[in-house]
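Beneath this line is the structure, given in structure tokens, with notes to follow.
So, in structure tokens, the structure goes:
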């Protein structure tokens, strides 16, 4: 039997579903946001990628090695997913500014459902936005198969869920969108740039190498890149020695596997989600 202070599980699940659906509909109805979400990766792929590609050439100096545009493509997918995920937290600030959050907080549902619904909706939208980047794959010489896409989606969603929860946790105590945007950029840009999105994880200064290894986003970027590159028509000499190209994270001499990377990402996501639910539950 439920009490007045303990909403039934069905009400909580219904609240999660409604908030999740609202986040998706908000994105779907904003066509400018949908189109604009492709502009950022497009700039990085064909301006940043092509520009640095000419300077870097292949990652190991020969035509048979990994082309820089192939290398950066999964990183751009990760960047698109993660930026969209963490920025989705701003919707919580909007709801607070316009009074909608207060109405939701007084509803007879568990407040943690608000945070989880926001996180789930943000992760779903971000995964879809990252999937849209796939249309650029043929333009940079990347071959995507249905099996590869199926392997990438769970990793993309796990990373999106972690960053969306982080965005909700940041937004839980923010009173204005300006504050959220400032703090978000201050935290997000260093995490993104120090995760191996744009450069191989080799030959780094000691301090940068340490930051990369404690950065949870690194463990979401690396499996995406390894899956994409392993599916390309690269020489076996390259595929057998991907670690020489800065692929894979080594901790104490141990080379992290894709599954170990995923476990770290999922663990970080659960931690951030618990923090987000607790902070939202503490709202006045």
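Numbering (our numbering), first residue to last: 38 to 321. C-beta atoms are modelled at their ideal positions from N, C-alpha and C, and glycine is treated no differently.
Distance check for residue j and residue i, CA to CA, integer angstroms please.
{"i": "residue 230", "j": "residue 251", "result": "13 angstroms"}
{"i": "residue 118", "j": "residue 45", "result": "34 angstroms"}
{"i": "residue 122", "j": "residue 154", "result": "13 angstroms"}
{"i": "residue 51", "j": "residue 152", "result": "13 angstroms"}
{"i": "residue 192", "j": "residue 85", "result": "25 angstroms"}
{"i": "residue 195", "j": "residue 135", "result": "30 angstroms"}
{"i": "residue 247", "j": "residue 48", "result": "45 angstroms"}
{"i": "residue 307", "j": "residue 198", "result": "9 angstroms"}
{"i": "residue 305", "j": "residue 168", "result": "22 angstroms"}
{"i": "residue 73", "j": "residue 113", "result": "15 angstroms"}
{"i": "residue 253", "j": "residue 228", "result": "8 angstroms"}
{"i": "residue 309", "j": "residue 104", "result": "35 angstroms"}
{"i": "residue 101", "j": "residue 57", "result": "The predicted position of residue 101 is uncertain, since its pLDDT is 43 and thus under 50; no value can be drawn from it."}
{"i": "residue 301", "j": "residue 291", "result": "15 angstroms"}
{"i": "residue 244", "j": "residue 62", "result": "43 angstroms"}
{"i": "residue 55", "j": "residue 240", "result": "48 angstroms"}
{"i": "residue 212", "j": "residue 268", "result": "46 angstroms"}
{"i": "residue 115", "j": "residue 147", "result": "32 angstroms"}
{"i": "residue 124", "j": "residue 288", "result": "30 angstroms"}
Pick from the options: whose alpha carbon is nearest that of residue i?
{"i": "residue 317", "options": "165, 202 and 123", "result": "202"}
{"i": "residue 182", "options": "266, 298 and 62", "result": "266"}
{"i": "residue 206", "options": "168, 173 and 312", "result": "312"}
{"i": "residue 59", "options": "268, 185, 141 and 209", "result": "141"}
{"i": "residue 111", "options": "228, 78 and 246", "result": "78"}
{"i": "residue 178", "options": "234, 109 and 188", "result": "109"}
{"i": "residue 187", "options": "164, 286 and 54", "result": "164"}
{"i": "residue 69", "options": "113, 166 and 114", "result": "166"}
{"i": "residue 71", "options": "292, 127 and 170", "result": "170"}
{"i": "residue 162", "options": "286, 190 and 82", "result": "190"}
{"i": "residue 173", "options": "255, 83, 133 and 225", "result": "83"}
{"i": "residue 225", "options": "242, 210, 204 and 238", "result": "204"}
Check the DSSP bridge columns for residue i and list the partner residues they point to.
{"i": "residue 180", "result": "DSSP output for residue 180 lists no bridge partner at all."}
{"i": "residue 288", "result": "291"}
If residue i sits next to residue j, beta carbons under 8 angstroms apart, how far is it from one beta carbon to the other, in whole angstroms?
{"i": "residue 260", "j": "residue 299", "result": "6 angstroms"}
{"i": "residue 257", "j": "residue 127", "result": "Incorrect: roughly 21 angstroms between the Cβ atoms, too far for contact."}
{"i": "residue 53", "j": "residue 160", "result": "Not really, about 13 angstroms apart at Cβ, beyond 8 angstroms."}
Please confirm whether residue i has its beta-carbon closer than 7 angstroms to some beta-carbon of chain D.
{"i": "residue 212", "result": "Among the protein chains of the structure shown there is no chain D, as only one such chain exists."}
Checklist entry - What are the uninterrupted segments assigned as alpha helix (DSSP H) that are 4 or more residues long and contained completely in the region 188–243, given in chain order? => result 214–230
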